[in-house]
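Those letters in the sequence shown? Residues 68 to 340, by the working numbering. Glycine included, each C-beta is placed from N, C-alpha and C at the ideal position. To start, the structure under review is shown below, and the notes come after it.
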Amino acid sequence: MNLNQKKKQKIFTLILSLILIITQVNISSAVKSKSAKVKSNGKKIVKSVKKKNKAPKKLVKGNTYNKPSITVTTKFPTGTVEDNIIDVEYTAIPSKGAEITEVSYSINNSTYEYIYLKGGGIIEPKGTLGKGRVLLLPKENTIVFKVVDSSGKSATFTVKENPKFDYGIPTPGFGDDEKSDFADPSKGKFVNNRIIVFLKSNANKQRIQELVEYVDGTIIGKNNILNEIVIKIPKKTEEEINALCKELEAKYTDIVDHVGLETFGFVGPAIID
C-alpha cells in the first residue's frame, strides 16, 4: 500500500469516529430531554391534584359561615321537676354581615314563645340577648330553640333533656259538714277545715313541713304553677282561721307569701283574707 492510500484510510477512519461520537451525543441529549418532560409533566399533575383537593375545604367553610347558629349552654334537668321555671343562657351567632333579631322556644311543637326581640318600627324590643326564661308544661317537655337574623336566615337547637313538670296534687272536693257561713252573708260560705298557703319561690321543703306540723295539718292539694299548697286542718270558726292565717304569715316569712281560707258560694271557690 502506497503512502497516499494510507493517508486516505486514516482520514476515513477519523471521519467514522467523529460520526459515531456525534450520534452518541445526540442520543444522550434526546433521552435527557424526554426525562425532563416526564418530570415536568409529573409536577403539573401533582399541582393539579392539590388544587382539586383544596377547593372543597373553601366551600364547606363558606356554607358554615353564612348561616346563623344558636347553642344553649344551660343544662336542663332530667326526670320530674316541681318548678316549671328554668332560666337559660345561650349563645346566638348571626350569619356574615347580619345581626340577631329574634330568639324563641317551642315546647312539643307548640307556638314559639319569644325570649328576645331586637325590635324596630312597630315591634317592641323584648328580653336580653343571651338570656331568657322557659316555662315548662305539666308533662314531658321537648324543647327547641330558634334564632333568626336580619338576613332572614334561621337555625334551631334541640335540648337533649326532656324534663317532665309535675303539676302537683289536685285538691279534692268537700262535704256539707265542711261548709260554714261567713258572719257577713254577702260573702257566701267558706271551707271550715282548710287553709291555702302561697309559697315563695324555692321555699325550703323542711320549713314547709314544719308549717304543716305546726297547724296539725296534712297537704291535700298542691299547685306547682301557682306555687301554692292546700292544707287540711282541724275544723275552726271563721275568726279562728283568719287568726291562724295571720300568725303563719308572721311566723314563716321566709317561705310564705300569703295565707287565706277557701270560700265558695256567690263568687265561687276563692281565697279570702
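Among the options, whose alpha-carbon lies nearest the alpha-carbon of residue i?
i, options, result
"Q276", "V323, T209, I190, V170", "V323"
"G164", "G194, F265, S218", "S218"
"K227", "E329, G146, L328", "G146"
"K185", "A250, I263, V155, G197", "G197"
"G327", "S268, V279, V264", "V264"
"K289", "Y172, Y234, E306, G242", "Y234"
"R274", "F143, K318, K193", "K318"
"N133", "K142, K193, P144, S221", "S221"
"Y172", "V211, I137, F143, K193", "V211"
"E245", "E305, T225, I153, K193", "E305"
"T138", "T225, N294, F241", "T225"
Would you check if the distance between the CB atom of residue i and the CB atom of residue j is smaller than 8 angstroms?
i, j, result
"T223", "K231", "no"
"Y181", "E169", "yes"
"N259", "K313", "no"
"K178", "T158", "The sequence shown places Thr at residue 178, not Lys. No. Outside cutoff."
"L278", "L311", "no"
So, at 8 angstroms on beta carbons, what are the nonlocal neighbours of residue i in its own chain, with the 5 sequence-adjacent residues on each side left out?
i, result
"I287", "I236, T238, P239, R261, V297, I298, K299"
"N151", "L202, L203, L204, P205, F232, N291, I292"
"P144", "I153, E228, P230"
"K142", "E228"
"K193", "Y181, I182, Y183, L184, G186"
"T195", "Y183"
Excluding the 5 residues preceding and the 5 following residue i in the sequence, name in chain order all residues of the same chain whose CB lies nearer than 7 angstroms to its CB.
i, result
"N229", "E207, N208, T209"
"T320", "none"
"F331", "G255, K256"
"D248", "K256"
"E295", "I263, V264, F265, L266"
Label residue i either buried or exposed according to how many other C-beta atoms from any shown protein chain fall within 10 Å of its C-beta, with 16 as the threshold for buried.
i, result
"D283", "exposed"
"I189", "exposed"
"S253", "exposed"
"P135", "buried"
"Y281", "exposed"
"D216", "buried"
"P301", "exposed"
"E149", "exposed"
"A250", "exposed"
"A270", "buried"
"G129", "Here G129 scores only 34 on pLDDT, less than 50, and its place in the model is too uncertain to base an answer on."
What does a CB cutoff of less than 6 angstroms around residue i pick up in its chain, not counting 5 residues either side in sequence?
i, result
"N175", "T209"
"N267", "As written in the sequence, residue 267 is Lys, which differs from the Asn given in the question. Closer than 6 angstroms at the Cβ level, and outside the excluded window around K267, lie I322, D324."
"G199", "V155, I182"
"P161", "P135, I167, D216"
"I308", "L328"
"K111", "The pLDDT assigned to K111 is 47, lower than 50, so where the model puts this residue is not dependable, and the model offers no usable value."
"I153", "V201"
"G242", "none"
"V116", "At V116 the pLDDT is 45, less than 50, meaning the model places this residue with poor confidence and gives no usable figure here."
"T285", "K299"
Chain B beta carbons: is any one of them nearer than 8 angstroms to that of residue i?
i, result
"Y157", "The structure shown contains no chain B; it holds only a single protein chain."
query = What are the uninterrupted segments assigned as alpha helix (DSSP H) that are 4 or more residues long and contained completely in the stretch 232-299, given in chain order?
reply = Listed in chain order, the complete alpha helix (DSSP H) runs (minimum 4 residues) inside the stretch 232-299 are 272-281.
key: Completely contained alpha helix (DSSP H) runs for the stretch 302-328, where each covers 4 or more residues   = Within the stretch 302-328, the complete alpha helix (DSSP H) runs of at least 4 residues fall at 305-318.
inquiry  = Going residue by residue through the stretch 141-174, where are the continuous beta strand (DSSP E) segments of at least 3 residues, counting only ones entirely within it?
reply    = DSSP assignment within the stretch 141-174 yields the following whole beta strand (DSSP E) runs of 3 residues or more, N-terminal first: 152-160, 167-174.
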